[in-house]
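> Can you keep this structure in mind? I'll have questions shortly.
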Amino acid sequence: MKSIARIRKRSDSERVTDLRQRVRAAMAQPPVGWDCPERIDERSLGEPLVVRKARAIALKLAHVPDGLWQGQLFAGSMTLEEPRLHAEWGFPEYTTEAEREEAARWGLTTHSVFGHIVPDYPRLLNRGLSSIREEAKNGRGRAENEEESAFLNAVIIAVDGVMEYAARLAARCEEEAEETTGECQEELREMAINLRQVPAGPAQTFWQALQSVWLLHAIFHATMNGNAAGRLDQYAWPFLRADLEAGRLDWERAGELVDCFCLKFNERAQTTEEQRPEERAEEELDFSQRTRHGTSSQLGTRRDRLDATNHWLQNVVIGGLTPEGKDGTNPLSFLLLESYRRNQMTNPLLTVRLHRESPEELVHRVCETLKEGGGMPALFNDEALVPALEGEGFPREDALDYTNDGCWEVIIPGRTDFRFQRLSLMFCLEGALNRVAAHTQLIGRELT
């Protein structure tokens, strides 16, 4: 395991040290709102809702600022560094008044997007969006109903918006390269090459793989979908291994890429003084001062930006068994764990899957990291979760490939969805005390 020793011994680059300082400084800046300067054409209001949503996504991506963080090796940001402009804000309105009124009856708004899923990133890296677009285009002729046809049209519109955004970022990198020299110029040109290749096409290098994943992840979050990254060490390791074997990367450069990638997840975090718990003490005591989240009727406060929701579901899972039942721990698992330990930031959240055959070195490094007091990584037990998923009817191959949805619920990446279900604990208590009929017998009945 010589590679593991190299990972721990590598030193931080000047770039990473500088980026850490700037990200922390940006966290303390008050956020500035951004509003899309255009709205979808009123003539589109007669189209299906899913198509209008896709048009709103494409419209936002056409106008969202394309600023680059100086020195970063990855393009596409949820927030800009200066001013601290939040690209998540300002989603174009795409619904009718009647639709908004109907949604309100259920406590929903156009911001009621739950996220909590893990996209099929292996498919993205191996095929690219152009292939997915072609699949949707060919599927329209075989659509069995208008709903299916509308969905496929929406896929094409949204994918086009993403690819055009990537092309705009590539052009920006090329422009920046013309204004500098030396190593910085070479890196910006390489970033432009990466963005011309991904996410439209399949990734050809480790750098491109991380850029493709990051750009889609950032776009999901910028369009109100808080999603997790899933088993990054499993789907990105083949690209890193190929680069190492071909001599395109060494361990120092690979570590720098991983550090820069992980720092990107912290760009939207907020730690301004006004959001500290002591500043919100009065609001905490007065329940009437709490504000409703746009995603549901849950109640919360602005201090959430400092604790539970300051990670925005950005969870990365490492280790664990593969779909073939073998241990999946690899050098990228250790690179990600070491990057979390060094960065000492809340993002991305880190989860480690463990089982009886997990390498002793991984368990040791996890314990050493936990001892440093960051509260992560979280630990998931394959020995308990895989049989539980199989017991629920999941094929063993899928059960072995589980991850989490960013908020700790177990999910199968690209194959299962998230649902939010409220549970009345008082109703359960009443049932236990009074031995009422089974819950299935009470559904739809009004109790007196």
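Taken in order, the sequence shown gives residues 2 to 449; the numbers are from the numbering used here.
All C-beta atoms in this analysis are idealised placements derived from N, C-alpha and C, irrespective of residue type, glycine included.
Nearest to residue 261 by CA position, among 21, 272, 12 and 11, is which residue?
Within the sequence shown, numbered from 1, the residue matching residue 261 stands at position 260. Of the candidates 21, 272, 12 and 11, the one whose C-alpha sits nearest the C-alpha of residue 261 is 21.
> Roughly how many angstroms separate the alpha carbons of residue 418 and residue 183, rounded to a whole number?
Counting from one through the sequence shown, the residue named residue 418 turns up at place 417. Counting from one through the sequence shown, the residue named residue 183 turns up at place 182. In a straight line, the C-alpha of residue 418 is about 47 Å away from that of residue 183.
> Hey, how far is the Cα of residue 357 from the Cα of residue 322?
Counting from one through the sequence shown, the residue named residue 357 turns up at place 356. Counting from one through the sequence shown, the residue named residue 322 turns up at place 321. Cα-Cα distance, rounded: 10 Å.
> Would you tell me roughly how many angstroms separate the C-alpha atoms of residue 246 and residue 256, rounded to the nearest one?
Indexing the sequence shown from 1 puts residue 246 at position 245. Indexing the sequence shown from 1 puts residue 256 at position 255. Cα to Cα, the separation comes out at about 16 Å.
> Pull the bridge partners of residue 319 from the DSSP assignment, please.
Along the sequence shown, read from residue 1 onward, the residue named residue 319 stands at position 318. 353, per the DSSP bridge assignment.
> Looking at the unbroken alpha helix (DSSP H) that takes in residue 241, where does it start and where does it end?
Against the sequence shown, residue 241 aligns to sequence position 240. It spans 233-247 - the alpha helix (DSSP H) in which residue 241 sits, taken as one unbroken run.
> Can you tell me whether DSSP reads residue 146 as helix, strand or coil?
On the sequence shown, position 145 is the one that residue 146 refers to. Residue 146 falls in the coil class under three-state DSSP.
> Could you give the distance in angstroms between the alpha-carbon of residue 307 and the alpha-carbon of residue 349?
Reading the sequence shown from its first residue, position 306 is the one you call residue 307. Reading the sequence shown from its first residue, position 348 is the one you call residue 349. Residue placement at residue 307 is flagged as unreliable, the pLDDT there being 46, under the threshold of 50; the coordinate-derived value follows with that caveat. About 14 Å.
> Just mark residue 11 as buried or exposed, buried being the case when its beta carbon has 16 or more other beta carbons within 10 Å.
Here the question's residue 11 lines up with position 10 in the sequence shown. Buried is the call here.
> List the DSSP bridge partners of residue 328.
Residue numbering aside, residue 328 sits at position 327 when the sequence shown is read from its first letter. According to DSSP, residue 328 bridges with 322.
> Would you kindly work out how many angstroms separate the C-alpha atoms of residue 179 and residue 128, rounded to a whole number?
The residue labelled residue 179 in the question sits at position 178 within the sequence shown. The residue labelled residue 128 in the question sits at position 127 within the sequence shown. Cα to Cα, the separation comes out at about 31 Å.
> If you reduce the DSSP assignment to three classes, tell me which class residue 379 lands in.
Translated into positions along the sequence shown, residue 379 becomes position 378. Correct three-state label for residue 379: strand.
> Applying the 10 Å Cβ sphere with the 16-neighbour rule, what's the burial state of residue 212?
Residue numbering aside, residue 212 sits at position 211 when the sequence shown is read from its first letter. Burial call: buried.
> Pull up the CB-CB distance for residue 330 and residue 360, whole angstroms please, since I reckon it's below 8 Å.
One-based indexing of the sequence shown puts residue 330 at position 329. One-based indexing of the sequence shown puts residue 360 at position 359. That pair is a contact at about 5 Å.
> Going by DSSP, name the residue or residues bridged to residue 405.
Counted from its first residue, the sequence shown places residue 405 at position 404. Partner(s): 411.
> By the 10 Å Cβ neighbour count, where 16 or more other Cβ atoms means buried, how is residue 97 classified, buried or exposed?
Translated into the one-based positions of the sequence shown, residue 97 becomes position 96. Residue 97 is exposed by the Cβ-count criterion.
> Return the CA-CA distance between residue 337 and residue 191, expressed in angstroms with no decimal places.
Locating residue 337 in the sequence shown gives position 336, counting from the first residue. Locating residue 191 in the sequence shown gives position 190, counting from the first residue. Their backbone Cα atoms lie some 23 Å apart in a straight line.
> Using a Cβ-Cβ cutoff of less than 7 Å, which residues in the same chain neighbour residue 339 once the five nearest sequence positions on both sides are dropped?
Here residue 339 refers to the residue found at position 338 when the sequence shown is read from its first residue. Once the five neighbours on either side are set aside, the close Cβ partners of residue 339 are 8 and 9.
> In the DSSP assignment, find the alpha helix (DSSP H) that holds residue 132 and state where it starts and stops.
Taking the sequence shown and counting its residues from 1, the one referred to as residue 132 is at position 131. Per DSSP, residue 132 belongs to the alpha helix (DSSP H) from 130-141.
> Closest by CA to residue 225, which one among 254, 117 and 325?
Reading the sequence shown from its first residue, position 224 is the one you call residue 225. Measuring from the Cα of residue 225, the nearest candidate turns out to be 117.
> Is the number of C-beta pairs between the stretch 214-221 and the stretch 391-399 that are closer than 8 Å three or more?
The stretch 214-221, when compared against the stretch 391-399, does not touch it at the 8 Å Cβ threshold.
> Since I believe residue 231 is in contact with residue 318 (beta carbons under 8 Å), could you give me their beta-carbon distance rounded to a whole number of angstroms?
Translated into the one-based positions of the sequence shown, residue 318 becomes position 317. Translated into the one-based positions of the sequence shown, residue 231 becomes position 230. Going by Cβ atoms, the distance from residue 318 to residue 231 rounds to 6 Å, so yes, they are a contact pair.
> Which of the three DSSP states, helix, strand or coil, is assigned to residue 33?
The count along the sequence shown starts at 1 and reaches residue 33 at position 32. Strand, per DSSP.
> DSSP three-state call for residue 359: helix, strand or coil?
Position 358 of the sequence shown holds residue 359. The answer is coil: DSSP assigns residue 359 none of H, G, I, E or B.
> State the DSSP-derived secondary structure class of residue 428, mapped to helix, strand or coil.
Numbered from its first residue, the sequence shown carries residue 428 at position 427. Helix, per DSSP.
> Count the other CB atoms within 10 Å of the CB of residue 143; is the residue buried (16 or more) or exposed (fewer)?
Residue mapping note: residue 143 aligns to position 142 of the sequence shown, counting from 1. Residue 143 should be labelled exposed.
> Should residue 263 go down as buried or exposed, given a rule of 16 or more other Cβ atoms within 10 Å for buried?
Locating residue 263 in the sequence shown gives position 262, where the first residue counts as 1. Answer is buried; the Cβ neighbour count reaches 16.
> What distance in whole Å lies between the Cβ atoms of residue 312 and residue 272, which are believed to be in contact at a cut-off of 8 Å?
One-based indexing of the sequence shown puts residue 272 at position 271. One-based indexing of the sequence shown puts residue 312 at position 311. With 8 Å as the limit, residue 272 and residue 312 do not qualify as a contact, their Cβ atoms being about 13 Å apart.
> Going by Cα to Cα distance, which pick from 36, 56 and 370 is closest to residue 345?
Start at 1 with the first residue of the sequence shown, and residue 345 comes out as number 344. Out of 36, 56 and 370, 370 has the C-alpha closest to the C-alpha of residue 345.
> Starting from residue 1, trace the alpha helix (DSSP H) both ways and give me its first and last residue.
Beyond the ends of the chain as shown, which are 2 and 449, falls residue 1; an answer cannot be given.
> Within 10 angstroms of its Cβ, does residue 427 collect 16 or more other Cβ (buried), or is it exposed?
Reading the sequence shown from its first residue, position 426 is the one you call residue 427. So residue 427 counts as exposed.
> With residue 99 as the anchor, note down where its alpha helix (DSSP H) starts and where it stops.
Here residue 99 corresponds to residue number 98 of the sequence shown, with the count starting at 1. Residues 98-106.
> Output needed for residue 366: all residues of its chain with C-beta closer than 7 Å, excluding positions within five of it in sequence on either side, in chain order.
On the sequence shown, position 365 is the one that residue 366 refers to. Answer for residue 366: 335 and 338, listed in chain order.
> Have a look at residue 387 and residue 403 and give me their C-alpha separation to the nearest angstrom.
The count along the sequence shown starts at 1 and reaches residue 387 at position 386. The count along the sequence shown starts at 1 and reaches residue 403 at position 402. Taking the straight line joining both Cα atoms gives about 8 Å.
> What residue range does the alpha helix (DSSP H) around residue 114 cover?
Here residue 114 refers to the residue found at position 113 when the sequence shown is read from its first residue. Looking at the DSSP string, residue 114 is not in any alpha helix (DSSP H), and its letter there is neither H nor E.
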